[in-house]
Amino acid sequence: MDRYTLMLFGGIGAILVLASLIGFILRLRTKGAPNSVIDNLNARINAWWIMVLVIGVAFWLGNAAVILLFYAVSFYALREFLTLTPTRRSDYPALVAAFYLALPLQYLLIYYDWYGLFSIFIPVYVFLLLPILASLGGDSTHFLERASKVQWGLMIAVFCISFVPALLTLDIAGFEGRNLLLIAYLVIVVQLSDVLQYVCGKLFGKHKIAPNLSPSKTVEGFVGGIFLASLIGGALWWITPFNPWQSFLIALLINLLGFAGGIVMSAIKRDRGVKDWGHMIEGHGGMLDRLDSVCFAAPIFFHLVRYWWT
Amino acid sequence: MFEPVVANLITSAARMVTGARSLWLGCAPTPVQRIYFANHSSHGDFVLLWASLPPALRKLTRPVAGSDYWQTSPVRRYIINRVFNGVLVDRERKDPAYNPLQPMLDALENGDSLIIFPEGTRNPEEGLLPFKSGIYHLMKNHPEVEVIPVWIANLNRVMPKGRVLPLPLLCTTSFGAPLCIEEGESKEQFLERSRAALLALAPEHV
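Residue numbers (the UniProt record's numbering), protein chains in the order written: chain A, 1 to 310; chain B, 1 to 206.
Laid out in structure tokens, this is it:
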């Protein structure tokens, strides 16, 4: 790891120590009485320690480990998505192709740096293959709906998430060998925006911003969280190829996309009648609950950097 | 001597593929004698239900399975008899004088818990088939045993009938509240009520 990465993880560690300390003090102040908000806050902070640790180890091991890590992330996200979207028995071949063909191939293409194919593999080739496979069963009930569900799952959980490790494939002049920091920038800014929206919402939230789609999101949380996270994004310009202004504006854009992602994914959850996508991350819900914002931010961030900086 | 290892391998694989999340909604995972009755859509049903129990309860709990399927090959015989200590029942009733419930009654007499599928066969569709009456007779003979409905969700998508490669979708097993036969309740009424209690545990389909 280089000096920048170490400084970055040192800073994240310091923030987490502070967060754990605040959680501990809040816990003491309730004098052992159960408080669901504080218990959930502490569960979230503990989960953050583990997530940062896992990402830290992957960074330390290098690019291949980071690609492998996001392969696993995509797998868990895809499984949560397809678990909640019912399909029929004749979708079995399409689902097999999704888990055992599209998912590994997408990450293999990223590992081999084949931009021309990984950027269209799922939206074009898999898009055509899946309904062909689904039609083999000869079952026309809800056909379009079923085909769309599998395609959507792959787009969100595999295609969009894979653009995080795809940042490793970009050749940016003067930024060689430091692409892992672009991943760190994207993930830190978008996740901090989620955290700060949650904190601002809990402290100052009064007006719901989308009561039917995501009842916990407020106007105050939206404005405060996104503004603060964009400021931090601007302040992180030294780990990016951007200047401070560019860094602020890009952070603002990916935070807005992340917010929209949270709303869209929440709408799907509500329609399916659940609060969380899954249960694998204590206090947060499922993998997709933690990553809904990253799904929407990653591909746009990738193409923005690719268009203007390579 | 290898049986515990094989059992461990099979349950670990089942838990890894499906996530095997157990929800104890109506009862706690305590080591009392029970009959778990569940919906049946896949040969993996009893494996997943068994794997969803805490290890201490697994030792006490035996799956009930059809001998017509499980006696047909050495591997199946080994798995059902040696690994899972299953109770095999004769679904075809070759000998009309013999009570097909006898092996289950013997097991209950012995203090074992059972896993049964009152639909009698795998149901490839949504919902539940009508229940066979065996569960009612078992309860009449052993009113002291707790009877727990267990809904196994999604396993029919993980392993559809006739497919080999499992899909890694998440499965949940929901354990409901114990049932008993009420005063003056007829066999048909009880079977219908237990079927409704099991269906009530199923996640709602939109």
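Beta carbons: idealized from backbone N, C-alpha and C, even for Gly. Bear in mind that the values here come from a model prediction, so they are computed numbers and not experimental data.
Contact between Ile10 of chain B and Val145 of chain B fails: their C-beta atoms lie close to 26 Å from each other, not under 8 Å. Sorting B:Gly44, B:Glu126, B:Pro96 and B:Glu109 by C-alpha distance to the C-alpha of Ile80 of chain B places B:Gly44 at the top. In the same chain as Leu288 of chain A, and ignoring 5 residues on each side of it, the C-beta atoms closer than 6 Å to its own belong to Ala77, Glu80 and Trp277, in chain order.
Look at Glu176 of chain A here: in three-state DSSP terms it is coil, with no helix or strand label. Per DSSP, the beta bridge partners of Trp24 of chain B are B:Phe175. Within the stretch 108-145 of chain A, complete beta strand (DSSP E) segments of at least 3 residues are not found at all. DSSP, read as helix, strand or coil, puts Tyr92 of chain A in helix.
Residues of the stretch 166-181 of chain B whose Cβ lies closer than 8 Å to any Cβ of chain A, in chain order: Leu167, Pro168, Leu169 and Leu170. Non-local C-beta neighbours of Pro124 of chain B in its own chain, meaning closer than 6 Å and more than five positions away in sequence, comprise Lys161, ordered along the chain.
The shortest C-alpha to C-alpha distance from Leu182 of chain A to any of A:Val66, A:Thr141 and A:Gly13 is the one to A:Val66. Taking a 10 Å sphere around the C-beta of Gln102 of chain B, we find fewer than 16 other C-beta atoms and assign the residue as exposed. Secondary structure note for Arg290 of chain A: its alpha helix (DSSP H) is the uninterrupted segment Met287 to Trp309. Below the 8 Å Cβ cutoff, chain A contributes Arg89 and Tyr92 as neighbours of Pro160 of chain B, in chain order. Under the 8 Å Cβ criterion, the stretch 167-187 of chain A does not count as touching the stretch 2-9 of chain B, having fewer than three qualifying pairs. For Glu188 of chain B, the enclosing alpha helix (DSSP H) covers residues Lys187 to Leu199. Nearest C-alpha to Pro143 of chain B among B:Glu182, B:Met16, B:Phe46 and B:Leu49: B:Glu182. Between the stretch 99-110 of chain A and the stretch 51-58 of chain A there are fewer than three C-beta pairs closer than 8 Å, too few to call the two in contact.
The closest CA to that of Ala166 of chain A, considering only A:Phe302, A:Gly225 and A:Ile156, is found on A:Phe302. Between the alpha carbons of Val158 of chain B and Leu169 of chain B lies a distance of about 6 Å. Put simply, the CB of Asn123 of chain B is far from chain A, with every gap to its CB atoms at 8 Å or more. Going by DSSP, Trp151 of chain B is part of the beta strand (DSSP E) stretching over Glu146 to Ala153. Interface with chain B (8 Å Cβ-Cβ cutoff): Arg79 of chain A is included. Annotation: Cβ neighbours of Asn154 of chain B in chain A (cutoff 8 Å, chain order): Thr83. The beta carbons of Gly26 of chain B and Phe175 of chain B sit about 6 Å from each other, so the pair counts as a contact at 8 Å. In the DSSP annotation of this structure, Gly111 of chain B is not part of any alpha helix (DSSP H), being labelled neither H nor E.
Those residues of the stretch 110-138 of chain A placed with their C-beta closer than 9 Å to a C-beta in chain B do not exist.
For Arg91 of chain B, the closest Cβ of chain A is not nearer than 8 Å. Within the same chain, Cβ atoms closer than 6 Å to the Cβ of Ser20 of chain A are found at Ile45, the five residues on either side in sequence being excluded. Listed in chain order, the beta strand (DSSP E) elements of length 3 or more contained wholly in the UniProt domain "Phospholipid/glycerol acyltransferase" (34-155) of chain B are 34-38, 61-66, 87-89, 113-116 and 146-153. The three-state secondary structure of Lys149 of chain A, taken from DSSP, is helix. The three-state reading of DSSP puts Lys208 of chain A in strand, counting E and B together. Contact note: Phe99 of chain A reaches chain B through Leu167 and Pro168, using a C-beta cutoff of 8 Å and chain order. Per the Cβ contact rule, the stretch 57-72 of chain B is not in contact with the stretch 178-195 of chain B (fewer than 3 Cβ pairs under 8 Å). Three or more pairs of CB atoms, one per stretch, sit closer than 8 Å, so the stretch 217-231 of chain A contacts the stretch 188-201 of chain A. For Arg163 of chain B, the neighbours in chain A by C-beta distance under 8 Å run, in chain order, Tyr92. For Ile281 of chain A, the pairing in a beta bridge is given by DSSP as A:Gly285.
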